[in-house]
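Participant:
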Amino acid sequence: MEYVVRAYRAIMAIAIIAAIVAQLISSNADGRLDTGNFFSYFTIQSNLIGAAVLGYGAIRPDRNSLRWDSIRGAATTYLFTTGVVFALLLSNLAAQVGTTMPWVNSVLHQVSPVVIFLDWLIRPPRHQVGFPKVWLWLAYPIAWLIYTLIRGGIVDWYPYPFVDPRADGWGHVVKSCFAIAIGIIGFVFIVVWAGNSARRLYTRLSPDSAGSGF
0 MEYVVRAYRA IMAIAIIAAI VAQLISSNAD GRLDTGNFFS YFTIQSNLIG
50 AAVLGYGAIR PDRNSLRWDS IRGAATTYLF TTGVVFALLL SNLAAQVGTT
100 MPWVNSVLHQ VSPVVIFLDW LIRPPRHQVG FPKVWLWLAY PIAWLIYTLI
150 RGGIVDWYPY PFVDPRADGW GHVVKSCFAI AIGIIGFVFI VVWAGNSARR
200 LYTRLSPDSA GSGF
């Protein structure tokens, strides 16, 4: 089973990197791609985080620390957010949000969120994940939003309609971001609950596996 876990983690990490590179090359076909814009998409950043976590997990599946559990949980939350927000708000705007190639769109918005969430369940955290510390997971989305709004005002470009004040004003941006923030907090609860529940299940099924990587 361990070889299977390492294999799908490695395959998914490679697939994510391949998708990002393919889209980068395709988007720069005319030589006018703004790489700053490309790497400012939450989709790209969250998938790079996910690829790093899955890749490292493939190399070091025996990693056992609360910090590593927290990093995995954060990456799962970010990609979960990417998948849900795309499905609800952006599925008809794929070309406008940086993923013009259908297979790339599928890998980055659909496959990777599902795989990393299933990985969180198949290999749940080895330690109980507590809510006081998981609020740190929100630091990256908050930093991304601040960066996006400041940079957008400077370069006159925003990666997504819900953070673009030029069309419907700042009121629309505030309402959209508030709704998404509530959603992300909900995703944090889901990821923590799912991971801890899976850990307890594994522990009951195999008491000797607790804390050993299952």
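Going letter by letter, the sequence shown gives residues 0 to 213 in numbering that gives the first Met the number 0.
Cβ atoms here follow ideal geometry from the backbone N, Cα and C, with glycine treated the same way.
Since this is a predicted model, take the numbers as computed values, not measurements.
Under DSSP, the alpha helix (DSSP H) around Leu47 begins and ends at which residues?
Facilitator: Note, Leu47: alpha helix (DSSP H), Phe41 to Ile58.
Participant: Where Ser211 and Val83 are concerned, what is the direct C-alpha to C-alpha distance, given to the nearest angstrom?
Facilitator: Low confidence applies here, because Ser211 scores a pLDDT of 45, under 50, leaving its location unreliable; read the following figure in that light. Going by the C-alpha atoms only, they are around 32 angstroms apart.
Participant: Given that a residue counts as buried once 16 or more other Cβ atoms are within 10 Å of its Cβ, and exposed if not, what is Asn63?
Facilitator: It is exposed - the Cβ of Asn63 has fewer than 16 other Cβ atoms within 10 Å.
Participant: Could you pull out every residue in the same chain whose Cβ sits closer than 6 angstroms to the Cβ of Pro164, ignoring the five residues on either side in sequence?
Facilitator: Cβ neighbours of Pro164 beyond the five flanking positions: Val172.
Participant: Rounded to whole angstroms, what's the CA-CA distance from Ala17 to Ile48? Just pull it up for me.
Facilitator: The straight-line gap from Cα to Cα measures roughly 14 angstroms.
Participant: Who are the Cβ neighbours of Ala21 in its own chain at under 7 angstroms, not counting the five residues just before and after it?
Facilitator: Hits under 7 angstroms: Met100 and Val103.
Participant: Using three-state DSSP, classify Thr98 as helix, strand or coil.
Facilitator: Coil, per DSSP.
Participant: So, at 7 angstroms on beta carbons, what are the nonlocal neighbours of Leu88 in its own chain, with the 5 sequence-adjacent residues on each side left out?
Facilitator: So the list reads Phe161, once near-sequence residues are dropped.
Participant: Which residues mark the beginning and the end of the alpha helix (DSSP H) in which Leu148 is found?
Facilitator: Start and end: Ala138 to Val154.
Participant: Within 10 Å of its beta-carbon, does Gly72 have 16 or more other beta-carbons around it, so buried, or fewer, so exposed?
Facilitator: So Gly72 ends up on the buried side.
Participant: Between Pro60 and Phe79, what straight-line distance do the alpha-carbon atoms span, to the nearest angstrom?
Facilitator: Those two C-alpha atoms are separated by around 22 angstroms.
Participant: Taking Cβ to Cβ, would you say Tyr7 is nearer than 8 angstroms to Ser45?
Facilitator: No. Outside cutoff.
Participant: Select from Ala50, Ile58 and Ser90 the residue whose C-alpha is nearest the C-alpha of Ala74.
Facilitator: Considering only alpha carbons, the answer is Ala50.
Participant: Using three-state DSSP, classify Leu92 as helix, strand or coil.
Facilitator: Residue state, collapsed to three classes: coil.
Participant: When DSSP labels each residue in this structure, what does Arg5 get in the three-state scheme?
Facilitator: Here Arg5 sits in helix by DSSP.
Participant: Please go through the same chain and pick out, in chain order, the residues whose beta-carbon is closer than 8 angstroms to the beta-carbon of Thr98, but skip the five residues on each side of it.
Facilitator: Contacts found: Gln22, Thr42, Asn104, Leu107 and His108.
Participant: Mind checking whether Arg198 and Pro123 have CB atoms under 8 angstroms apart?
Facilitator: For Arg198 and Pro123, yes; Cβs fall inside 8 angstroms.
Participant: Take Pro158 as the anchor and find which of Leu32, Ile115, Phe37 and Val133 has the nearest alpha-carbon.
Facilitator: The option with the nearest alpha carbon to Pro158 is Phe37.
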